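The block underneath contains the structure these notes are about, expressed in structure tokens.
2 protein chains.
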Amino acid sequence: MSGTTSVAMEDPQPREMAGKRVLIVYAHQEPKSMNGSLKDAAVSELSNRGCQVTVSDLYAMNFEPRATKKDFTGPLNNSDFFNYGIEAHVAYKKGILSSDVIEEQKKVQEADLIIFQFPLYWFSVPAIMKGWMDRVLCQGFAFDFPECFDRGFLQNKLALVSFTTGGDAELYSKTGLSGDIKYILWPLQSSMVCCISVVSKSWPLRSALLLNTHQKIRERRWWLLGQGDWRPSGKSSR
Amino acid sequence: MSGTTSVAMEDPQPREMAGKRVLIVYAHQEPKSMNGSLKDAAVSELSNRGCQVTVSDLYAMNFEPRATKKDFTGPLNNSDFFNYGIEAHVAYKKGILSSDVIEEQKKVQEADLIIFQFPLYWFSVPAIMKGWMDRVLCQGFAFDFPECFDRGFLQNKLALVSFTTGGDAELYSKTGLSGDIKYILWPLQSSMVCCISVVSKSWPLRSALLLNTHQKIRERRWWLLGQGDWRPSGKSSR
């Protein structure tokens with residue numbers, strides 16, 4: 001492991017945790033995988049601390065990633081020229097989004113914290129999770145204009161990006177072949193801060209560094225729970 | 001338009017173009033969209049210059065974005081623990097990938113230039129295109145270890161990222177709300193340089209700035225064709 005990680009060794013106090021609702025958006029095909037284990041560990045730890053945890057197991061749900069006309073259960077706003085973003089916005093307001101999208105939006109709406117758990121595929125989320133973002137976080141629900149970023153509709157929630165990589169910390173360092181993980185995470189974190197609050201800019205980095213070894217669940221628990229604070233004292237710097 | 005773009009105003013000479021094969025991986029639901037127009041313009045221009053152009057119209061194909069066991073037509077390498085990346089690698093070598101993936105790999109293999117044409121969804125490609133990347137560009141076919149980046153298997157090809165944005169150039173500038181487009185493109189370009197050659201680091205930026213107005217097809221043609229050189233004189237800097 002790189003010496004660049006610093007994980008608090010003391011067990012955090014479980015203050016402000018009980019009663020919080022957590023949604024884990026989880027994308028791995030294999031329950032016995034590291035991602036599956038991390039998801040299970042999060043469910044267990046958070047439940048033990050009094051959180052109410054919901055998991056969207058995207059592969060198990062066979063979640064639809066494609067953004068198409070099938071997402072709308074009523075007539076299109078403009079059937080002559082299909083603009084998915086506009087149609088989704090109108091459909092959200094009319095309540096005619098497809099049931100799978102509405103179901104996920106309800107889970108998001110009810111959550112205080114959303115954890116995205118996935119393996120890095122081509123320097124980003126797997127397509128099935130990208131589809132969740134594309135379809136669920138639609139205009140009107142997650143953001144609008146100018147209600148985005150600091151004014152995004154989900155700013156009362158926290159988002160946490162937790163993932164595994166196919167290489168070690170060095171590979172994702174400033175001098176590594178894959179490049180600095182901070183840059184790799186930029187678009188993903190931009191998506192999050194556009195509508196949600198990111199727990200901390202440094203945490204996903206730490207996750208990438210930690211989660212690459214298969215014996216880090218305990219450290220990750222500390223990491224997941226931070227220093228015991230549910231919400232960081234300061235807003236994430238952007 | 002921002003003054004930061006600089007597009008050559010002279011029509012480039014069509015040297016080194018004839019006979020080249022181009023694959024356009026295209027992700028838009030609406031043929032009449034700006035993305036559809038850009039795809040059509042590229043097909044027309046490149047065909048006129050003697051290129052052989054193939055289009056993978058992902059939505060029209062209802063391309064499957066999810067990376068699952070269905071991608072393998074024979075017995076799994078390890079049916080007790082499903083690791084998609086390993087299974088894809090083994091299946092590629094055995095020739096038991098699903099027919100849709102094999103078909104796309106053939107198109108890639110035959111192409112000299114691959115153009116990715118899409119609207120930016122959540123600071124990245126739409127899920128359907130991410131699925132194309134996840135499934136088609138598998139280990140063994142696009143890269144291996146250590147045959148990646150400079151040694152990637154598709155380094156004899158060029159990749160060109162062409163996309164539209166929902167905001168203007170200022171929004172994607174260093175001081176814009178969405179942040180510098182260069183950072184947004186980082187993971188996508190990292191994926192490309194991992195196995196293919198990127199035409200130029202600055203071109204996708206120029207595309208983002210240009211394509212946002214709906215009257216730029218001519219300029220885009222120049223941009224698409226660069227200064228008339230099929231391949232830039234220097235390798236892209238990474």
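Protein sequence lines correspond, in order, to chains Y and E.
No gaps in the numbering here: position 109 of the first sequence is 109 in full-length UniProt numbering, and each next residue is one more.
No gaps in the numbering here: position 56 of the second sequence is 56 in full-length UniProt numbering, and each next residue is one more.
Every residue gets a Cβ at the ideal spot worked out from N, C-alpha and C, and that includes glycine.
Note that the structure is predicted; figures quoted are calculated from it, not measured.
What residues in the region 170 to 188 of chain E have a beta carbon less than 8 Å from any beta carbon of chain Y? 177, 178, 179, 183, 184, 186, 187, 188
Whole angstroms is fine: what's the gap from residue 237(E)'s alpha carbon to residue 51(E)'s? Confidence in residue 237(E) is poor, its pLDDT being 30 and thus under 50, which makes the residue's placement unreliable; the coordinate value appears in the next sentence. Taking the straight line from one Cα to the other gives about 27 Å.
Please work out which residues of its chain come closer than 6 Å, Cβ to Cβ, to residue 21(Y), disregarding the five sequence neighbours upstream and downstream, and give them in chain order. 52, 110, 111, 112
Using only the alpha-carbon positions, how far apart do residue 106(Y) and residue 105(E) sit? Computed Cα separation, rounded: 39 Å.
How about residue 122(Y) and residue 191(E): are their beta carbons less than 8 Å apart? yes
When DSSP labels each residue in this structure, what does residue 114(Y) get in the three-state scheme? Strand, per DSSP.
Report the start-end ranges of each beta strand (DSSP E) in the region 40 to 98 of chain Y that is 3 residues or longer and not cut off at the edges. 52 to 57
Assuming residue 71(Y) and residue 151(Y) are in contact, meaning their beta carbons sit under 8 Å apart, how far apart are those beta carbons, in whole angstroms? Not a contact, Cβ separation roughly 25 Å.
Mind listing the chain E neighbours of residue 151(Y)? Cutoff is C-beta to C-beta under 8 Å, in chain order. Per Cβ cutoff of 8 Å: no residues; residue 151(Y) is ~11 Å from chain E at best.
Residue range of the beta strand (DSSP E) that includes residue 159(E): 158 to 164
To the nearest angstrom, how far is the alpha carbon of residue 17(E) from that of residue 49(E)? Cα-Cα distance, rounded: 6 Å.
Give every residue of the same chain whose Cβ lies closer than 8 Å to the Cβ of residue 74(E), excluding the five residues on either side of it in the sequence, and list them in chain order. So the qualifying residues of the chain are 91, 94, 96.
Sort 60(Y), 62(Y), 19(Y), 117(Y) by Cα distance to residue 47(Y) and report the nearest one. 19(Y)
With DSSP as the reference, label residue 123(Y) as helix, strand or coil. In the three-state DSSP reduction, residue 123(Y) falls in the coil class, being neither helix nor strand.
Are the CB atoms of residue 129(Y) and residue 55(Y) nearer to each other than 8 Å? no
To the nearest whole angstrom, what separates the beta carbons of residue 30(Y) and residue 116(E), a pair I think is in contact under 8 Å? Actually they do not touch by this definition, with Cβ atoms about 29 Å apart.
Buried or exposed: where does residue 87(Y) fall if 16 or more other Cβ atoms within 10 Å of its Cβ makes it buried? buried
Residue interval of the beta strand (DSSP E) (run including residue 23(E)): 21 to 26
Note down, in chain order, all residues in the region 125 to 143 of chain Y with a beta-carbon under 9 Å from any beta-carbon belonging to chain E. Within the region 125 to 143 of chain Y, the residues whose Cβ lies closer than 9 Å to some Cβ of chain E are 125, 126, 127, 128, 129, 130, 131, 132, 133, 134, 135, 137, listed in chain order.
Considering only the beta carbon of each residue, do residue 141(Y) and residue 147(Y) sit closer than 8 Å? no
Establish whether the CB of residue 81(E) and some CB of chain Y are separated by less than 8 Å. yes
In the structure shown, what three-state DSSP assignment does residue 139(Y) receive? strand
Along the region 17 to 35 of chain E, what residues have a CB closer than 7 Å to any CB found in chain Y? 29, 30, 32
Who are the neighbours of residue 121(E) on chain Y, taking C-beta pairs under 7 Å? 134
Cβ separation of residue 65(Y) and residue 127(Y), assumed to be a contact under 8 Å, to the nearest whole Å: 5 Å
So, for residue 171(Y): in the same chain, excluding its five sequence neighbours on each side, which residues have a beta-carbon less than 8 Å away from its beta-carbon? 165, 177, 178
Given residue 43(Y), which residues of its chain have a CB within under 6 Å of its CB, disregarding the five upstream and five downstream residues? 53
Could you check the C-alpha separation between residue 181(E) and residue 80(E) for me, to the nearest Å? Each residue's Cα considered, the two are about 42 Å apart.
Just to make sure I have the definition right: I need the residues of chain E whose C-beta is within less than 9 Å of the C-beta of residue 67(Y). Which are they? 29, 59, 121, 126, 127, 128
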